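For the sequence shown, the numbering used here begins at 6 and goes up steadily by one.
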Amino acid sequence: MASKSLDIVTQPSVELRSVEQWKSDPQIVSKHNPVENDFILRTVIENLNDGVIVTDLHDRVLHVNSRLAKLVGCSASEMIGLPACNFLSLIEGWSFFGSSTDVAMPSGSCEWRECQLRRQDGRQFWAEVNSTPLHDDDRNPIATLITVTDITERKWLEEYLRLLESVVVNANEMVMISQVEDDIDPLELRIIYINEAFVKVTGYAAADVIGRSAELLVGPKTDLEELDRIRIALKNHESAKAELIFHHQDQSYFWADINTVPIRNEHGQVTHFVSVMREVTERKEVEEQLRRNAFHDPLTGLPNRLLFTERLTQVITRSREQENNLFAVLFLDLDRFKVINDSLGHLIGDQLLIAIARRLESCVKRSDLVARFGGDEFTILLDNIQDESSTHQIAERIHLELSHPFNLDGHEIFTTVSIGITLSSTDFKCTEDLLRGADIAMYRAKALGKACHEVFDTEMHDQAMLQMQLENDLRRAVEREEFVVYYQPIVSLTTGRLAGFEALVRWMHPERGIISPGDFIPIAEETGLIVPMGQLILWEACRQISEWQRLYPQHRRLSMSVNLSSRQFSQRGTIELLRDVLKETGLSPACLKLEITETAIMENTESAMDMLLQLKSMGIQLSVDDFGTGYSSLGYLYRFPMDILKIDQSFISRVDTDGEKLELVRTIINLAWNLGMDVIAEGVETTKQLAQLKMLKCEYGQGYLFSKPMSAKNTDIFLTQANPLEHVSQMLPSWP
Ligand code: C2E
Ligand code: MG
Ligand code: MG
Numbered sequence: 006m007a008s009k010s011l012d013i014v015t016q017p018s019v020e021l022r023s024v025e026q027w028k029s030d031p032q033i034v035s036k037h038n039p040v041e042n043d044f045i046l047r048t049v050i051e052n053l054n055d056g057v058i059v060t061d062l063h064d065r066v067l068h069v070n071s072r073l074a075k076l077v078g079c080s081a082s083e084m085i086g087l088p089a090c091n092f093l094s095l096i097e098g099w100s101f102f103g104s105s106t107d108v109a110m111p112s113g114s115c116e117w118r119e120c121q122l123r124r125q126d127g128r129q130f131w132a133e134v135n136s137t138p139l140h141d142d143d144r145n146p147i148a149t150l151i152t153v154t155d156i157t158e159r160k161w162l163e164e165y166l167r168l169l170e171s172v173v174v175n176a177n178e179m180v181m182i183s184q185v186e187d188d189i190d191p192l193e194l195r196i197i198y199i200n201e202a203f204v205k206v207t208g209y210a211a212a213d214v215i216g217r218s219a220e221l222l223v224g225p226k227t228d229l230e231e232l233d234r235i236r237i238a239l240k241n242h243e244s245a246k247a248e249l250i251f252h253h254q255d256q257s258y259f260w261a262d263i264n265t266v267p268i269r270n271e272h273g274q275v276t277h278f279v280s281v282m283r284e285v286t287e288r289k290e291v292e293e294q295l296r297r298n299a300f301h302d303p304l305t306g307l308p309n310r311l312l313f314t315e316r317l318t319q320v321i322t323r324s325r326e327q328e329n330n331l332f333a334v335l336f337l338d339l340d341r342f343k344v345i346n347d348s349l350g351h352l353i354g355d356q357l358l359i360a361i362a363r364r365l366e367s368c369v370k371r372s373d374l375v376a377r378f379g380g381d382e383f384t385i386l387l388d389n390i391q392d393e394s395s396t397h398q399i400a401e402r403i404h405l406e407l408s409h410p411f412n413l414d415g416h417e418i419f420t421t422v423s424i425g426i427t428l429s430s431t432d433f434k435c436t437e438d439l440l441r442g443a444d445i446a447m448y449r450a451k452a453l454g455k456a457c458h459e460v461f462d463t464e465m466h467d468q469a470m471l472q473m474q475l476e477n478d479l480r481r482a483v484e485r486e487e488f489v490v491y492y493q494p495i496v497s498l499t500t501g502r503l504a505g506f507e508a509l510v511r512w513m514h515p516e517r518g519i520i521s522p523g524d525f526i527p528i529a530e531e532t533g534l535i536v537p538m539g540q541l542i543l544w545e546a547c548r549q550i551s552e553w554q555r556l557y558p559q560h561r562r563l564s565m566s567v568n569l570s571s572r573q574f575s576q577r578g579t580i581e582l583l584r585d586v587l588k589e590t591g592l593s594p595a596c597l598k599l600e601i602t603e604t605a606i607m608e609n610t611e612s613a614m615d616m617l618l619q620l621k622s623m624g625i626q627l628s629v630d631d632f633g634t635g636y637s638s639l640g641y642l643y644r645f646p647m648d649i650l651k652i653d654q655s656f657i658s659r660v661d662t663d664g665e666k667l668e669l670v671r672t673i674i675n676l677a678w679n680l681g682m683d684v685i686a687e688g689v690e691t692t693k694q695l696a697q698l699k700m701l702k703c704e705y706g707q708g709y710l711f712s713k714p715m716s717a718k719n720t721d722i723f724l725t726q727a728n729p730l731e732h733v734s735q736m737l738p739s740w741p
């Protein structure tokens with residue numbers, strides 16, 4: 006039975022009833038019925054979420070509710086009458102219950118504290134403990150009411166948050182939290198939190214940032230397109246990752262790796278965005294450097310072949326989608342770069358390439374691409390051109406721009422360029438074809454005299470195919486020895502006698518018949534096939550003349566002139582080869598004349614002198630072939646030990662009609678004499694030319710007038726004649 010005084014109570018847990026239920030209980034008499042009040046109180050206490058314990062002045066348990074019993078891990082009946090500290094004690098060792106009344110007594114007030122409690126079974130939990138002294142009507146203390154609330158979970162949560170906060174505060178990454186507001190652009194949302202790292206990296210103080218938006222980091226270098234991508238993702242409440250340039254407070258920039266995630270509340274609504282950013286400037290700069298190295302030419306700073314072909318591929322793809330998109334590829338090759346490099350040195354050569362790169366850039370739009378393709382080759386991609394004529398205009402502009410001399414290190418350098426062009430309207434499918442077309446057109450421009458430009462057409466394509474076929478055939482021809490040597494007489498213009506022969510190669514093509522050297526020597530040079538081919542010719546020509554000298558004693562002093570190409574001239578084993586040939590064939594070196602063009606000498610200026618001196622020391626004679634068609638730098642005639650000068654047929658062919666040419670030939674002959682050289686006139690075709698040359702006292706002549714180049718068999722017949730050049734003396738009665 007319940008009583009008003011708070012005696013020891015052993016009340017089992019009571020069900021919570023409605024007031025109506027209480028009122029209908031026959032035991033409850035009225036609203037002011039003490040019994041009723043007591044019941045209500047007990048029920049409330051019993052149903053509290055907090056544990057409740059009432060102790061007497063000796064700390065003995067008078068009453069506990071079931072929540073407290075549960076917290077302690079005992080039943081209420083086990084606890085009643087025993088000291089409360091038997092069941093619950095403070096971790097710090099201090100008995101809360103034993104001293105509660107003492108503590109509460111003086112002021113008569115209650116005490117509240119958060120503490121860790123230990124249960125009888127040793128288990129601990131965090132609690133909020135409230136102790137209130139209870140008094141009788143005379144204000145004498147009679148008991149203590151203690152409520153115990155289990156706050157373990159809250160404490161754990163607080164701890165967890167504290168740890169999290171310290172992670173965020175001390176993180177190396179920048180953290181920024183902004184608060185979502187309706188109808189406000191995600192990038193304009195108010196920032197409500199930034200951490201230390203943010204302050205450190207951006208230079209902004211927290212006070213400068215809180216309340217403002219992330220747009221304060223955006224500056225002129227920020228990629229606005231990328232920023233828009235982030236904006237759209239955040240608008241859709243998706244997370245967004247990006248690498249962006251942001252600006253410090255002092256407006257200098259930094260690269261940030263940024264990851265922004267939306268934070269949702271329990272209703273799934275996005276309330277905040279948390280952005281975690283890492284400064285990655287160093288990595289980006291290294292990446293950029295590597296990218297630059299991979300895609301740019303270190304000397305000129307221009308894009309390289311790789312970048313050019315990549316861009317060209319993109320443009321080709323785009324032009325397939327947009328029909329009227331016209332573009333052009335220009336392939337440029339400097340005309341005399343090797344000579345400049347060899348004569349003035351590589352440093353000047355490099356400076357020239359850099360200077361040319363800058364001039365080329367100045368000739369095109371910013372959206373066009375100028376690249377260094379390799380060596381002295383440049384390529385230009387002209388995008389979005391109007392028509393073919395605008396490409397011509399740019400090519401003209403380039404020629405004009407390069408026509409002004411370059412002043413490099415005190416040298417005034419003139420250079421020209423040959424340009425090949427392919428237009429996108431050509432029926433080309435891929436990058437390689439477009440480039441190859443431009444390359445072929447460039448070679449055509451070179452062949453047409455250099456310093457000009459040519460647009461690729463299908464005829465060039467066919468020719469290129471033919472060239473390729475020829476190249477393949479030529480390889481086989483070397484293996485199958487399809488070459489034969491023809492011989493063209495060289496005649497003394499003073500005696501009218503045969504002085505020797507020039508060996509001229511012919512290719513006996515199995516399907517195409519005889520092919521002239523002009524059609525395959527350049528390919529043989531380019532492919533290196535000239536080396537084995539040259540060896541064959543040298544062996545055969547020397548063997549043949551040696552044989553004729555033996556067979557026909559009247560011709561025992563005949564000489565043999567053999568052409569030496571630039572490639573052979575610079576080839577290491579040439580000297581050894583010549584030694585072997587002379588030894589094996591028994592030919593006197595004095596009867597061997599090597600013909601070298603001015604170009605071959607100029608292309609090998611460094612090794613030329615050494616090579617020429619070695620040949621001289623072997624007793625071999627040296628001729629300058631095609632004089633007047635090469636670099637016309639007379640200086641080398643003084644420097645190099647040449648014996649014979651062969652005046653090119655382009656001078657001789659007009660010596661009888663063109664007074665100026667006649668004077669020029671006279672000057673050349675005088676110059677040769679002054680240098681102690683003999684002169685041979687090439688390409689003598691008419692008696693008039695012969696008469697002029699005799700008048701000029703030119704020593705030797707070679708040409709169709711005397712004889713066309715002949716096969717070995719025909720030459721043999723020619724040699725057996727008593728006077729093979731009789732027909733010439735008939736044409737020229739004054740012949741001695
Ligand atoms: P080249 O050494 O100047 O040879 C003279 C060329 O002029 C020969 O042409 C010859 O047939 C031609 N010719 C001679 N007299 C006359 C004439 O009166 N009128 C005209 N129109 N032409 C005349 P070919 O045989 O076609 O050789 C052309 C060039 O090919 C040679 O010019 C030479 O540079 C090169 N070549 C020929 N054979 C060889 C060779 O065995 N080795 C090397 N490396 N080059 C060779
Ligand atoms: Mg020759
Ligand atoms: Mg010649």
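For each residue, glycine too, the CB sits at the ideal point set by N, CA and C.
Every value quoted in this text rests on a predicted model; they were computed, and no experiment measured them.
Pair within 8 Å by beta-carbon distance, residue i and residue j
{"i": "Y557", "j": "P714", "result": "no"}
{"i": "V689", "j": "G664", "result": "no"}
{"i": "R72", "j": "D55", "result": "yes"}
{"i": "D615", "j": "S628", "result": "no"}
{"i": "K226", "j": "Y258", "result": "yes"}
{"i": "I424", "j": "I345", "result": "no"}
{"i": "L312", "j": "F300", "result": "yes"}
{"i": "K291", "j": "E248", "result": "For the sequence presented, residue 291 should be read as Val rather than Lys. Cβ distance not < 8 Å, so V291 and E248 don't count as in contact."}
{"i": "R195", "j": "S218", "result": "yes"}
{"i": "E459", "j": "A469", "result": "no"}
{"i": "I361", "j": "H277", "result": "no"}
{"i": "I58", "j": "V69", "result": "yes"}
{"i": "D631", "j": "T610", "result": "no"}
{"i": "L498", "j": "L698", "result": "yes"}
{"i": "G624", "j": "I652", "result": "no"}
Whole-angstrom distance between residue j and residue i, CA atom to CA atom
{"i": "Y448", "j": "I528", "result": "12 Å"}
{"i": "P594", "j": "R502", "result": "21 Å"}
{"i": "V223", "j": "T207", "result": "11 Å"}
{"i": "L150", "j": "F92", "result": "16 Å"}
{"i": "N389", "j": "G442", "result": "19 Å"}
{"i": "Q391", "j": "N330", "result": "9 Å"}
{"i": "S100", "j": "E170", "result": "Note that S100 scores 49 on pLDDT, short of 50, meaning its location in the model is unreliable; the coordinates nonetheless yield the value given after this. Rounded to the nearest angstrom, the two C-alpha atoms are 34 Å apart."}
{"i": "S394", "j": "V422", "result": "19 Å"}
{"i": "T427", "j": "S734", "result": "56 Å"}
{"i": "L221", "j": "R310", "result": "41 Å"}
Proximal residues to residue i (C-beta, below 8 Å), its chain only, five neighbours per side dropped
{"i": "H560", "result": "L503, W553, Q554, L724"}
{"i": "C79", "result": "F92, Q125"}
{"i": "P646", "result": "L617, L618, K621, L627"}
Closer than 8 Å to chain C by CB, residue i
{"i": "W678", "result": "Note that chain C does not occur in the displayed structure, where there is just one protein chain."}
Cut-off 7 Å between Cβ atoms - residues of its own chain near residue i, not counting five sequence neighbours on either side
{"i": "Q619", "result": "I580"}
{"i": "E545", "result": "V490"}
{"i": "V320", "result": "F332, L386, D388"}
{"i": "V173", "result": "V180, N200"}
Same chain, Cβ closer than 6 Å to residue i, neighbours up to 5 away in sequence not counted
{"i": "F342", "result": "D381"}
{"i": "M179", "result": "A202, F203, V206, M282"}
Sufficient close CB pairs (3 or more, under 8 Å) joining the segment 393 to 401 to the segment 431 to 440: No, the segment 393 to 401 does not touch the segment 431 to 440.
Segments of 3+ residues assigned as beta strand (DSSP E) that fall wholly inside the segment 308 to 338: If we require 3 residues or more, the segment 308 to 338 turns out to have no beta strand (DSSP E) run fully inside it.
Assess, as a yes-or-no matter, whether the segment 450 to 460 is touched by the segment 669 to 688 under the definition of 3 or more beta carbon pairs within less than 8 Å. No contact exists between the segment 669 to 688 and the segment 450 to 460.
What ranges does the alpha helix (DSSP H) occupy inside the segment 192 to 272, keeping only unbroken runs of at least 4 residues that lie completely in it? List check, alpha helix (DSSP H) in window: 201 to 207, 211 to 214, 229 to 240.
Please give me, in chain order, every unbroken run of the beta strand (DSSP E) with length at least 3 that falls completely inside the segment 666 to 721. Qualifying beta strand (DSSP E) stretches, in chain order: 683 to 687, 705 to 707.
If we require 4 or more residues per run, which alpha helix (DSSP H) segments fall completely within the segment 522 to 605? The segment 522 to 605 contains, as complete alpha helix (DSSP H) runs of 4+ residues, the segments 522 to 532, 535 to 556, 571 to 575, 579 to 590 (chain order).
Give, in chain order, every unbroken run of the beta strand (DSSP E) that is at least 3 residues long and sits entirely within the segment 360 to 405. Complete beta strand (DSSP E) runs here, min 3: 374 to 379, 382 to 387.
So, do the segment 690 to 709 and the segment 511 to 521 have three or more beta carbon pairs nearer to each other than 8 Å? As far as the Cβ criterion goes, the segment 690 to 709 does not touch the segment 511 to 521, which means the pair count is below three.
Runs of alpha helix (DSSP H) lying entirely within the segment 136 to 203, each at least 4 residues, in chain order: Whole alpha helix (DSSP H) segments, 4+ residues: 157 to 175.
If you pair each beta-carbon of the segment 187 to 204 with each one of the segment 150 to 168, do three or more pairs fall below 8 Å? The count of Cβ pairs closer than 8 Å, one atom from the segment 187 to 204 and one from the segment 150 to 168, stays below three, leaving the stretches out of contact.
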